[in-house]
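Colleague: Provided herewith is a single structure, encoded as structure tokens, for subsequent inquiry.
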Ligand code: CDV
């Protein structure tokens, strides 16, 4: 069975005072709708359970530990896991993870239709900065509140499909996609919280931001011949606007489903995972065409070094 209906559950803004239970109720409402449309795998955004708090600065970061989950599932999210198991639906969502060792990560998980977490991913490419920077129109303090992920880009076979995850800024980095592509990935899910304004450039309007988002997801899907679901937390959140633009992209790089609004919204598509094979066996047949002898710099060098 190569066909499966997949979905993206876009979530509108979550305000500071919203409880986890309230958010989970919204997630379950979208899951119910998805079930009604035959969805068997559903993707939710980055940091689905809370407001995007890295826009706020606190001197003592421990004051923000209440945004983090110390176990998953927990009392607040258990109803989501239960509902998905009842429906035989797999799903993925993002949350902030505080480990027993006291490490903070921006995390997402893949949950099987049996309700088991079968893969965890911790965000690799953390954007922004770690100290308060007054020249910015808004703060983006992911580097203050999270450690860079230590998992790398792994994949898992779930419901017959090879699945992997990225989180938000990761989608802009071809390395993220290619590492999963080299493991035969057929579905990449990406949750995101992207402010509509560049905090260092007033000229970069929302249209350009959405274009770069779509360009990145379509290119990553095409160049690795994989389906992709990119799903936003968006709209107004604590007085800040984040763009919507949730999309499902096919292995040929085309958008096949797109959110229309900025609130809670379901997008769906009947994916035919057999379609991944064509690109993987022709233009992106890595075994036949890659030239790794020329790619060494990608891993040896992090930043640009000009020698000429
Ligand atoms: N949450 C994010 O990673 N947001 C970044 C913004 C800061 C550019 C993104 O790549 O969408």
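Residue numbers (the numbering used here): 13 to 320.
Every residue, glycine too, gets a C-beta built ideally from N, C-alpha and C.
For residue 145, collect the residues of the same chain with a Cβ closer than 8 Å to its Cβ; drop the 5 residues on either side in sequence, then sort them by chain order.
Modeller: 151
Colleague: Bridge partners for residue 108 per DSSP, in chain order?
Modeller: 118
Colleague: Please report the straight-line C-alpha distance between residue 158 and residue 38, rounded to a whole angstrom.
Modeller: 26 Å
Colleague: Between residue 297 and ligand 1, is there a pair consisting of the residue's CB and a ligand heavy atom that are separated by less than 6 Å?
Modeller: no
Colleague: On the CB-based measure, 16 or more other CB atoms within 10 Å of its CB, does residue 241 come out buried or exposed?
Modeller: buried
Colleague: Quick one: what's got a C-beta closer than 6 Å to residue 61's C-beta in the same chain, skipping five residues either side?
Modeller: 32, 35, 107
Colleague: Between residue 145 and chain D, is there a C-beta pair that is closer than 7 Å?
Modeller: The structure shown contains no chain D; it holds only a single protein chain.
Colleague: Using three-state DSSP, classify residue 192 as helix, strand or coil.
Modeller: helix
Colleague: In chain order, what residues of the same chain lie with their CB nearer than 7 Å to the CB of residue 248, ignoring the 5 residues before and after it?
Modeller: Cβ contact annotation for residue 248 (same chain, cutoff 7 Å, sequence separation greater than five): 25, in chain order.
Colleague: Indicate the three-state DSSP secondary structure (helix, strand or coil) for residue 223 in the structure shown.
Modeller: helix
Colleague: Apply the 10 Å Cβ neighbour rule to residue 182 and answer buried if 16 or more other Cβ atoms are within range, or exposed otherwise.
Modeller: buried
Colleague: At a cut-off of 6 Å, would you count residue 252 as near ligand 1, judging by its Cβ distance to the nearest heavy atom?
Modeller: no
Colleague: So the beta strand (DSSP E) residue 40 belongs to, where does it begin and stop?
Modeller: Premise fails: residue 40 lies in the alpha helix (DSSP H), 32–48, not in any beta strand (DSSP E).
Colleague: Is the region 163–176 touching the region 127–136 in the sense that three or more CB pairs, one from each, lie closer than 8 Å?
Modeller: yes
Colleague: In chain order, which alpha helix (DSSP H) runs of at least 4 residues are fully inside the region 140–207?
Modeller: List check, alpha helix (DSSP H) in window: 154–157, 186–193.
Colleague: Considering only residues of the same chain and omitting the five flanking positions on each side of residue 263, which have a CB-CB separation below 7 Å?
Modeller: Take residue 263, set aside five residues on each side of it, and the residues of its chain with a beta-carbon closer than 7 Å to its own are 233, 237, 238, 239, 287, 288, 291, in chain order.
Colleague: Kindly list the residues whose CB is nearer than 6 Å to the CB of residue 88, restricted to its own chain and excluding five residues on each side of it in sequence; keep chain order.
Modeller: 32, 33, 36
Colleague: Considering only C-alpha positions, which residue in the set 73, 216, 235, 206 is nearest to residue 140?
Modeller: Closest option to residue 140, Cα to Cα, is 206.
Colleague: Helix, strand or coil for residue 293, going by three-state DSSP, please let me know.
Modeller: If DSSP states are grouped into helix, strand and coil, residue 293 belongs with the helices.
Colleague: Helix, strand or coil: which one does DSSP assign to residue 25?
Modeller: It is coil, neither helix nor strand.
Colleague: In three-state DSSP terms, what is residue 233?
Modeller: helix
Colleague: For the region 270–319, list the beta strand (DSSP E) runs that are entirely contained and at least 3 residues long, ordered along the chain.
Modeller: 277–284
Colleague: Can the beta-carbon of residue 201 be found closer than 7 Å to that of residue 51?
Modeller: no
Colleague: Helix or strand or just coil, what does DSSP make of residue 133?
Modeller: strand
Colleague: For residue 322, which residues does DSSP report across the bridge?
Modeller: In the structure as shown, the chain begins at 13 and stops at 320. Residue 322 is therefore absent and cannot be evaluated.
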